[in-house]
């Protein structure tokens, strides 16, 4: 039993350590700051600047969050406070199904529906685009992150005791005022965690984004430009170009960055959720 | 608020409808039971049986492997075996694992494979997928184990049963619905994951004969075929997506049904 637990805990360490050891060669050659802030990506010349990829990841995730947060939070509030309980159960099942759909199917749907949509939108706004763009990637990520955000914030909202709402209503507040000042105020931390969990999910998503974001290693100028997020970089190149020195190491460094960023976000969110659970 | 709820439901409906409408016309029996023939990727005959069988092999293998490790870990998280502090740390590290992007598992799996001198193979894919499934399985089994009423365990201890006996007889039975849901949830997640098997499982036109053969898989079949410029091949990607979607939805349904069945014998 102790062994089993030790095994469970050591996996995280092993993954982190394995990736770190493999990315040491490139860290010895170049400073981490230079790697993160340079935008020269020429593996054949030995130049590895992650800047365009990091910006690409942040922007695509940012767009996803801007699109997803309002819709998801309003849906969760509706389900928790206004909907009939039977509808709430149906919606829960639906959200579970959304979470279960494989990412490659989201990607395929993005290619069929979102890419032509963004292309048409670009034409309407006089910005020629192929449709394979930041916006399309952000939209698919928004859809993929929403089951996480909705289900976690719904759980959190349901932890508020019914008496708290009744007390506010008894003081003469309207229903919306009770929700705003009592329910949302007391669950702010939990809702924040739900958003962070959604962010982490979107940040590391690979295949669906890779299929529709365009994959051009340049800093995008508008949301109709293609971008190249870190996970897509890793998926496209790893395993092929092992012969170029340091390339392998550079790619594993990007995996390490992904792991670290996502873990930090997840730990923050989970610790906050644990504190809520204890109450 | 109702508008945003409708939007969420409409997007899901849109995804299901588009995949079914695009996939259904090219979904034939030949697609399911034949492996690719010569010139398949130029639009000639054949099917994706290699990918279907490959995906099932990968998912079953990985589920089995992670169940083997996952069940003892889930049991060990009970307070009889572990202090509160350590259990909490373990839960946190499992949550980190749950959130880890699958591409990172793929890269890590590849490092392990290179270290042990393995090529891209069924075994490599199974290892990477098992890592991905492990936290999902443990956390959902453990959620249910935690719901076991303490009185029930105490009754068992009062009769003189040891910790292990209580775990294997009383707790195991109580946890059965959780085990079923956990395994199926992990299976469904594993069968649809592409990023972790991208470098570890390889891709081939044949059905694998041993653990060390490379193996095809449905998600990668979709991923590769949709990238080709030939419409007939793209059609097949849609059909493959429909097959994958049906498998995933069936698993999701089965887990709901089975967990309800198993929870009949539970003491609450």
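Residue numbers (our numbering), protein chains in the order written: chain A, 1 to 279; chain B, 1001 to 1268.
Virtual Cβ for every residue (Gly too), placed ideally from N, Cα, C.
Computed from a prediction, not measured in an experiment: that's the story for all the values here.
Taking C-alpha positions only, residue 1256(B) is separated from residue 1071(B) by approximately 20 Å. If you check each beta-carbon in the region 1188–1215 of chain B against every beta-carbon of chain A, the ones closer than 8 Å belong to 1188, 1189, 1191, 1192, 1193, 1194, 1195, 1198, 1199. Linking residue 64(A) to residue 144(A) through their CA atoms gives a straight-line distance of about 9 Å. Closest in alpha carbon position to residue 207(A), among 59(A), 111(A), 12(A), 92(A), is 111(A). Taking all protein chains in view, the Cβ of residue 1077(B) is crowded by 16 or more other Cβ atoms within 10 Å, so the residue is classified as buried. The three-state reading of DSSP puts residue 198(A) in helix, counting H, G and I together.
Taking 8 Å as the cut-off, the Cβ atoms of residue 36(A) and residue 48(A) do not count as close. Here residue 209(A) is near residue 60(A), since their CB atoms are less than 8 Å apart. Below the 9 Å Cβ cutoff, chain A contributes no neighbours of residue 1155(B), its closest Cβ being approximately 22 Å away. Contact between the region 1125–1138 of chain B and the region 1003–1014 of chain B is absent, with fewer than three C-beta pairs closer than 8 Å. About 36 Å separates the beta carbon of residue 1004(B) from that of residue 12(A), a gap too long to meet the 8 Å contact definition. With a 10 Å radius around the Cβ and a threshold of 16 neighbouring Cβ atoms, residue 1253(B) comes out exposed. Short of 7 Å from the beta carbon of residue 1024(B), and not among the five residues preceding or following it, lie these beta carbons of its own chain, in chain order: 1242. Counting C-beta atoms within 10 angstroms of its own C-beta, residue 120(A) has fewer than 16 neighbours from the protein chains shown and is therefore classed as exposed. Secondary structure at residue 48(A): strand, using DSSP grouped into helix, strand and coil. Excluding sequence positions up to five before and after residue 56(A), its CB lies within less than 6 Å of the CB of 227, 228, 229, all in the same chain and listed in chain order. Per DSSP, the continuous alpha helix (DSSP H) segment holding residue 231(A) begins and ends at 230–237.
Residue 1159(B) counts as exposed, since fewer than 16 other C-beta atoms from the protein chains shown sit within 10 angstroms of its C-beta. If one requires a minimum length of 4 residues, the alpha helix (DSSP H) runs lying completely within the region 62–107 of chain A are 85–100, in chain order. Here residue 40(A) is exposed. Its C-beta has fewer than 16 other C-beta atoms within 10 Å. In summary, residue 163(A) is exposed, with fewer than 16 beta-carbon neighbours lying within 10 Å of its beta-carbon over all protein chains present. Between residue 161(A) and residue 1244(B), the gap from beta carbon to beta carbon reaches 8 Å or more. Following the DSSP letters along the chain, one finds residue 268(A) inside the alpha helix (DSSP H) bounded by residues 247–278.
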